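Numbers 63 to 152, taken from this note's numbering, label the letters of the sequence shown in order. Beta carbons are placed, not taken as given, at the ideal position from N, Cα and C, and that holds for glycine. On a predicted model such as this, the values are computed, not experimentally measured, just so you know.
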Amino acid sequence: MSSSLVVCEVEESLKEKLKKFRFRKETNNAAILMKIDMVKQLVILEEEYEDISMDDLRNELPERQPRYPYSKIKEEQHSLIYCSCFSQDP
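This is the structure in structure tokens:
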């Protein structure tokens, strides 16, 4: 079986942004939305959100294009949740 797997790198500026986001002191809900630049084979920043709920973040995702959210969301009566996932709406 031949190997044709292409792995994308994460853009350097995005790596720094993700690191700062992970250790941020603010307690409000926030998210970073990433996408893949197929030409450059890079995971890049698409948008940053502040004070966003999980439902609003879900509504921001395009229907037919994969996006990769990294979020810090605190829902009512729940503890703080860090979520990093690679998702695509069907």
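Per-residue burial, residue i [other beta carbons within 10 Å of its own, 16 or more giving buried]
{"i": "LEU67", "result": "exposed"}
{"i": "VAL72", "result": "exposed"}
{"i": "ASN91", "result": "buried"}
Where residue i sits in the DSSP three-state scheme
{"i": "LEU95", "result": "strand"}
Reference residue i; option with closest CA among the options
{"i": "ASP113", "options": "LYS97, ALA93, GLU125, LEU104", "result": "ALA93"}
{"i": "LYS97", "options": "LYS87, ARG129, ASN91, GLU74", "result": "ARG129"}
{"i": "LYS136", "options": "VAL101, PRO124, GLU88, LYS102", "result": "GLU88"}
{"i": "PRO124", "options": "LEU76, MET100, LEU80, LEU95", "result": "LEU95"}
{"i": "GLU110", "options": "ARG86, LYS81, TYR132, GLU78", "result": "TYR132"}
{"i": "LEU76", "options": "LYS102, ARG120, ASP118, ILE106", "result": "ILE106"}
{"i": "LEU80", "options": "GLU108, MET100, VAL101, LYS102", "result": "GLU108"}
Proximal residues to residue i (C-beta, below 6 Å), its chain only, five neighbours per side dropped
{"i": "MET116", "result": "ILE135"}
{"i": "VAL69", "result": "none"}
Below-9 Å beta-carbon distance, residue i vs any chain D residue
{"i": "LYS102", "result": "As a matter of chain content, chain D is missing from the structure shown, which is built from one protein chain."}
Sequence-distant residues of the same chain with beta carbon closer than 8 Å to residue i, five excluded per side
{"i": "LEU104", "result": "CYS70, GLU71, VAL72, GLU73, ILE98"}
*Tell me the start and end of each unbroken beta strand (DSSP E) in the segment 67–138 that is at least 3 residues and wholly inside, in chain order.*
Within the segment 67–138, the complete beta strand (DSSP E) segments at least 3 residues long are 92–99, 104–112, 130–135, listed from N- to C-terminus.
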